[in-house]
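Numbering of the sequence shown is given in UniProt numbering, commencing with residue 1 and proceeding in unit increments. For every residue, glycine included, the Cβ atom is placed at its ideal position computed from N, Cα and C. Accompanying notes for the structure given below.
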Amino acid sequence: MNGNHDTELPACEYFQALGNEMALIERGQGMPTFFLHGGGPGCSSWTDFALTVPHLADSRRMLLVDLLQYGRSSKVVTDQPLFRWHADHLIALMDSKGIERADFVGGSLGGSVALALSLSYPDRVGRIVLSGSTPTMQGWTPPDAEEARSGELAFNNYFAGEGPTKDKLRHLLELMEWRDGSKIPDWLLDLRFQQSAGSAELREFGAMMLRTWNHEDLFADLRRIQAPTLLLFGRHDPFGAPSYAQFLADHLADGHVHIMGGASHHLAEEHPAAYASVVRSFLDAAEPGIASVAA
Numbered sequence: 001m002n003g004n005h006d007t008e009l010p011a012c013e014y015f016q017a018l019g020n021e022m023a024l025i026e027r028g029q030g031m032p033t034f035f036l037h038g039g040g041p042g043c044s045s046w047t048d049f050a051l052t053v054p055h056l057a058d059s060r061r062m063l064l065v066d067l068l069q070y071g072r073s074s075k076v077v078t079d080q081p082l083f084r085w086h087a088d089h090l091i092a093l094m095d096s097k098g099i100e101r102a103d104f105v106g107g108s109l110g111g112s113v114a115l116a117l118s119l120s121y122p123d124r125v126g127r128i129v130l131s132g133s134t135p136t137m138q139g140w141t142p143p144d145a146e147e148a149r150s151g152e153l154a155f156n157n158y159f160a161g162e163g164p165t166k167d168k169l170r171h172l173l174e175l176m177e178w179r180d181g182s183k184i185p186d187w188l189l190d191l192r193f194q195q196s197a198g199s200a201e202l203r204e205f206g207a208m209m210l211r212t213w214n215h216e217d218l219f220a221d222l223r224r225i226q227a228p229t230l231l232l233f234g235r236h237d238p239f240g241a242p243s244y245a246q247f248l249a250d251h252l253a254d255g256h257v258h259i260m261g262g263a264s265h266h267l268a269e270e271h272p273a274a275y276a277s278v279v280r281s282f283l284d285a286a287e288p289g290i291a292s293v294a295a
């Protein structure tokens, strides 16, 4: 899926959720499954999951939603606990669509939001797959502390100084999101840059959003999450070593781990076919644990 036709940003639907507007792309048929993107500059449902559509839309009703503050959804700031704030808006979106229950696939921020949603609305959640998420700093360990510090600096510097540039963005993606930066496709870099810095308003909002984030720590509540959950992590993810994925699984009521070799933080973009295969196996398995073997 490398052609312009396959990766061109498609039209979306807009829905009102608690007074804000959320953008949604829908593909396929089957069990409703929400795909929730990460929190890096310019992330959206399409940047993070477009490459998985050919591998999952034949059996899943894929609901690719732009979280508030991202993509084509409303650019609003909040001082509320971030994960549950997003979760409340997602439930409002589910209500608008008439969806009572769904599975959730989330990368980074999106995975933490899925866990928060399962805490607040357990009857609305089937199974969860999350990658590279940090819902708590308890037990957190990066594979390489120096690499993690360099990545954090690159993230914080993106909107600083002269402001965002494509070179800054590529550097950030190479450090923090892709194991092999030479494989980052031009369409992805262009869209991420457009969605984070395509206007003065976007650049100003991005800098302000970083200052106002109120991150939560879900550690005390992890055991209450009953949804079968797969921690699908890249072996080289600077946001969390494989031991952190196992730590999270051990503190969930029904947690499972799969470690993907040769991958970093954005598995769904780096290895979309392999990623989709693991996701499909876990979500469709009669017993979730059967499909989740650590690699």
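- Contact between residue 238 and residue 135 does not hold, since their C-beta atoms are separated by about 17 angstroms, which reaches or exceeds 8 angstroms.
- Between residue 85 and residue 68, the C-beta gap is smaller than 9 angstroms, which places the two residues in contact.
- With contacts defined by Cβ atoms closer than 9 angstroms, residue 88 and residue 120 form a contacting pair.
- Assignment of beta-bridge partners to residue 61 by DSSP yields 32.
- Comparing C-alpha distances from residue 279 to each of 128, 123 and 78 shows the shortest one belongs to 128.
- One Cα belongs to residue 82, the other to residue 191, and the distance between them is close to 24 angstroms.
- Bridge partners of residue 14 according to DSSP: 23.
- Residue 144 counts as exposed, since fewer than 16 other C-beta atoms from the protein chains shown sit within 10 angstroms of its C-beta.
- For residue 131, the number of other beta carbons within 10 angstroms of its own is at least 16, and it is reported as buried.
- Counting C-beta atoms within 10 angstroms of its own C-beta, residue 199 has fewer than 16 neighbours from the protein chains shown and is therefore classed as exposed.
- By the Cβ-count criterion, residue 228 is buried, with 16 or more other Cβ atoms from all chains shown falling within 10 Å of its own Cβ.
- With contacts defined by Cβ atoms closer than 9 angstroms, residue 104 and residue 92 do not form a contacting pair.
- Distances from the alpha-carbon of residue 254 to those of 10, 155 and 118 put 118 closest.
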